[in-house]
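A.B. asks: Submitted below is the structure of interest, expressed as structure tokens.
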């Protein structure tokens, strides 16, 4: 835990004692005394002070994960490296200077903003023999170079020659699904760090400030407003963590946006957040509700071709930029899952996106228009509908519109093929959206490192047919990469200390998608837990294998969307309540029957979705004998006795893959059990409980899916498949009662 120094605590307590008002962040212990009290002696004051400090120190010994990967101890020696700066001393350059002064332990440093330096947030680092130089065309590039040096120091890397880096993406952005009332949709780490209602204001004020305020020595300012200070310090710590891995943008609210987010109160709060994040190079964006002109603007319509509507959006953009001159722009979810959009008025995605783009263009803002759409009525294959809706308009979107496309064609499943829309739209700016928060991957309970999954998408994009428009920078176009955040106000930010790895991995891959999963995992583990090789080697292996293990015990061979209804925790392949549209239900996707299993998307006999892929991928996906077997049930309805490449039948392969996933989950738990000597007791125990729960959940998934599908195949279980721990009837009666905003209760699961 980051601890305010003893002297700082004493000074703070003495100030509070003088006002008869005691507040200790570290122990969350508060005493308020009437201001009319006059009999309190100095002895009693210092007795209370001693008690408070004792409680602070006792609590401070606990490790709560709040420091993330930023754990380098501040310099304590008298002879510290000298830090020289060249260029205008703006807040960002001062931040870089402060970071190096407090945490750099090497040679003297020169931080220089130079005219011929790298642009696009890039930097050069070199050693001239007496000093290490960090140079860039901007102070933000210098800040990124400074954090790179600190990462190299923490991971034991040595500088050889000149290190030159420029990020692959111009906009490296987190999407927060935070609501104005403080809930976080699909968030498994507590409440929002940005928004909260009055009932939770006190709790928000008391949240984790002890760690945050000491994250950087420059942040330990006194304040008389505890709530405001708690928010500011939390935002600063958030900004610092993001800047340290190169993230430079954030959407502050849910894509299922409420119109009130564009009201005066929320815009003023957005300005306060933007002012805190700005020195760290982070621009703020807002998700907007397309019906806002009607909902809060007093208009009778939100038709994008109506002159009054266009003027309303233009005026709203002008108002926002007066408050926040560097505001990034809007993220829009329209005509999807009941959200309003241009189609409500017989218009198109182009009409809606370009109308908003016009309002933002004068200010340099952009529109990120989400392609997560599917027909309001049941019809064609849901996986094909994004291409069907957007491809007719390729090339018609304004220059400051970017189509934001999920990595797969359905919805953040444990494994999906790349979205064909990412490869098809060649005349339109596109960006990839991945999900950091584990909506479909065991929430913050399961430890699943997502870098390998994201890199599957990047690797496909590098093939000859993978045009990769979403990763191509031009003079007139920006590149962007978005991740749905897993951040909340829990003390460790992400609900689980290991889930922090995915936040870290997103930042590193947004900077450089060519980094290997192994390098990213190793960096994270070294900075967060231990540099001991006996820890690093087995845990790097665990992280890098964890995604494949999760796919094995959840939905192998291309199975998808067979989760429990609504909250998506746990398996319910049988879930099919009456009155619910078919493409929201598992049977729509697995198509289990007496003949076989899987969704036929071939041209000859199925939905034809394979035709949306470029030729080299189409030839693979459309042919059952050429299709990668880890996607075979995504593209084909496969007979139960179909012979796989191993020589085993589909049924035996399915059963044994589920069994393999269980064994892998158990092995991960056993490995973590052996890591106890290398990790603090608090984080080890918390993660041990999660790893054990994950292994039990793997059994739950295995038994539920295999026993259910056996009712269709009527085939015996293969050799090597251990006896079930659960009965199918028992699991089919079980259903979690939980919402979309909180993590599952580990103690109430099967």
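Residue numbers (this note's numbering): 101 to 850. Ideal placement from N, C-alpha and C gives every residue a C-beta, glycine not left out.
Taking residue 803 as part of the alpha helix (DSSP H), name the residues at either end of that continuous run.
C.D. replies: Where residue 803 is concerned, the enclosing alpha helix (DSSP H) stretches over 781-813.
A.B. asks: Can you tell me which of 529, 519, 552 puts its alpha carbon nearest to the alpha carbon of residue 498?
C.D. replies: With distances taken between Cα atoms, residue 498 lies closest to 529.
A.B. asks: Please identify the residue among 458, 369, 404 whose C-alpha is closest to the C-alpha of residue 446.
C.D. replies: Of the listed residues, the one whose Cα sits closest to residue 446 is 404.
A.B. asks: In the DSSP assignment, what are the bridge partners of residue 385?
C.D. replies: Bridge partners of residue 385: 351, 429.
A.B. asks: Span of the beta strand (DSSP E) holding residue 506?
C.D. replies: Element bounds for residue 506: 501-506.
A.B. asks: Does the stretch 762-771 come into contact with the stretch 790-802, if we say contact requires no fewer than three beta-carbon pairs (one atom in each stretch) closer than 8 Å?
C.D. replies: Touching, per the Cβ criterion.
A.B. asks: Can you tell me the Cα-Cα spacing of residue 553 and residue 617, whole angstroms?
C.D. replies: Residue 553 and residue 617: Cα-Cα distance of roughly 9 Å.
A.B. asks: Kindly indicate which residue of 217, 249, 780 has the alpha-carbon position closest to the one of residue 239.
C.D. replies: Closest by alpha carbon: 217.
A.B. asks: How far does the alpha helix (DSSP H) with residue 227 in it extend, from its first residue to its last?
C.D. replies: Looking at the DSSP string, residue 227 is not in any alpha helix (DSSP H); the run it does join, the beta strand (DSSP E), is 223-227.
A.B. asks: Where are the alpha helix (DSSP H) runs, 4 residues long or more, that stay fully inside the stretch 588-672, in chain order?
C.D. replies: Here the runs fully enclosed are 600-611, 617-628, 633-654.
A.B. asks: Pick out whichever of 401, 364, 380, 439 has its Cα sitting closest to the Cα of residue 422.
C.D. replies: The shortest Cα separation from residue 422 among 401, 364, 380, 439 belongs to 364.
A.B. asks: Going by alpha carbons, who is nearest to residue 347 out of 269, 511, 297, 400?
C.D. replies: The option with the nearest alpha carbon to residue 347 is 269.
A.B. asks: Could you tell me the boundaries of the alpha helix (DSSP H) in which residue 775 lies?
C.D. replies: Taken as a continuous stretch (DSSP letters only), residue 775 belongs to no alpha helix (DSSP H), as it is neither H nor E.
A.B. asks: Please classify residue 837 as buried or exposed, where buried requires at least 16 other C-beta atoms within 10 Å of its C-beta.
C.D. replies: Looking at its Cβ environment, which holds fewer than 16 other Cβ atoms inside 10 Å, residue 837 is exposed.
A.B. asks: Run through DSSP, which three-state label would residue 839 get?
C.D. replies: Coil at residue 839, not helix or strand.
A.B. asks: What are the complete beta strand (DSSP E) segments, minimum 3 residues, inside the stretch 471-523?
C.D. replies: DSSP runs (the beta strand (DSSP E)) wholly in the stretch 471-523: 501-506.
A.B. asks: Okay, do the stretch 262-281 and the stretch 594-611 touch, 3+ Cβ pairs below 8 Å being the bar?
C.D. replies: Touching, yes, given that three or more Cβ pairs across the two stretches are closer than 8 Å.
A.B. asks: When we look at the beta-carbon of residue 260 and count the other beta-carbons within 10 Å, is it buried (16 or more) or exposed?
C.D. replies: Counting Cβ neighbours within 10 Å, residue 260 comes out exposed, since fewer than 16 surround it.
A.B. asks: Identify whether residue 850 lies in helix, strand or coil by the three-state DSSP scheme.
C.D. replies: Reduced to three states, the DSSP call for residue 850 is coil.
A.B. asks: When you compare each of 387, 412, 388 to residue 397 by their alpha carbons, which one comes out closest?
C.D. replies: Of 387, 412, 388, the residue nearest in Cα terms is 412.
A.B. asks: According to DSSP, residue 469 sits in a beta bridge with which residue or residues?
C.D. replies: 432, 503.
A.B. asks: Checking 8 Å against the spacing of the C-beta atoms, do residue 245 and residue 236 come in under that value?
C.D. replies: Yes, they are a contact pair.
A.B. asks: With residue 459 and residue 394 assumed to form a contact (beta carbons below 8 Å), what rounded beta-carbon distance in angstroms separates them?
C.D. replies: Contact doesn't hold; Cβ gap of about 16 Å is too wide.
A.B. asks: Taking the Cβ atom as the reference point for each residue, do residue 295 and residue 287 lie within a distance shorter than 8 Å?
C.D. replies: No.
A.B. asks: Could you tell me which of 280, 179, 390 sits nearest to residue 369, measuring between CA atoms?
C.D. replies: The residue with the shortest Cα to Cα distance from residue 369 is 280.
A.B. asks: Grouping DSSP H, G and I as helix and E and B as strand, with all else coil, what is residue 821?
C.D. replies: Residue 821: coil per DSSP, three-state reduction.
A.B. asks: Within its chain, find whatever has a CB closer than 7 Å to the CB of residue 163; leave out the 5 residues flanking it on each side and keep chain order.
C.D. replies: These residues qualify, in order along the chain: 101, 780, 782, 783.
A.B. asks: Just to confirm before moving on: does the CB-CB distance between residue 243 and residue 192 stay below 8 Å?
C.D. replies: In this structure, residue 192 lies closer than 8 Å to residue 243 by Cβ.
A.B. asks: Tell me where the alpha helix (DSSP H) around residue 194 begins and ends.
C.D. replies: First-last of the alpha helix (DSSP H) with residue 194: 191-203.
A.B. asks: Tell me the rounded alpha-carbon separation between residue 585 and residue 843.
C.D. replies: Their backbone Cα atoms lie some 15 Å apart in a straight line.
A.B. asks: Let me know if residue 827 comes out buried or exposed under the rule of 16 or more other beta-carbons within 10 Å of its beta-carbon.
C.D. replies: Exposed.
A.B. asks: Grouping DSSP H, G and I as helix and E and B as strand, with all else coil, what is residue 744?
C.D. replies: Residue 744 falls in the coil class under three-state DSSP.
A.B. asks: Quick check on DSSP: helix, strand or coil for residue 233?
C.D. replies: Note: residue 233 maps to strand in three-state DSSP.
A.B. asks: Name the DSSP beta bridge partners of residue 264, please?
C.D. replies: Answer is 224, bridged to residue 264.
A.B. asks: Compare the Cα-Cα distances from residue 580 to each of 467, 677, 601 and report the closest residue.
C.D. replies: Checked all of 467, 677, 601; the closest Cα to residue 580 is 467.
A.B. asks: Measuring CA to CA, which of 221, 210, 775 is closest to residue 61?
C.D. replies: With the chain covering only 101 through 850, there is no way to say anything about residue 61.
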